[in-house]
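Just below is one structure, and these are the notes that go with it.
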Amino acid sequence: MHITFLSNFATMKFHLISSAIIIAFSFAVLSATAQSQYTPYNGLPGIIKSYKPAYNSNYPEWARMLYEYPINYFDLIKLYENPDVEKKEGV
């Protein structure tokens with residue numbers, strides 16, 4: 312009887328640990344994100360997130376900047392008005 316109890320306890324402990332590992336792994340996988348469609352700017356009042364199209368690497372440089380954080384407004388406007396100007400890198 313005593314050996315059976317220890318065997319059942321070990322089996323329960325194994326199932327509990329394996330369940331905890333599976334839950335932790337599932338949480339890590341679900342919380343991982345690639346290129347995010349939204350930036351903190353999309354949380355501003357009056358912004359409708361669902362209107363923002365998905366990121367596309369074929370967009371012009373100024374449009375790709377809209378998916379970066381932080382955005383330099385003046386660099387973005389300069390590229391929008393004159394697409395031949397290269398994006399200035401930060402110092």
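Per my numbering: the sequence shown = residues 312 to 402. Beta carbons are placed, not taken as given, at the ideal position from N, Cα and C, and that holds for glycine.
The alpha-carbon of isoleucine 382 is positioned some 29 Å away from that of alanine 339.
Burial state of leucine 390 is buried, judged by a 10 Å Cβ sphere holding 16 or more other Cβ atoms. Proximity to leucine 377 across Asp395, Asn353 and Glu392 peaks at Asn353, based on C-alpha coordinates. For lysine 389, the enclosing alpha helix (DSSP H) starts and ends at 384–392. In this chain, glutamate 379 is not harboured by any alpha helix (DSSP H), its DSSP state being neither H nor E.
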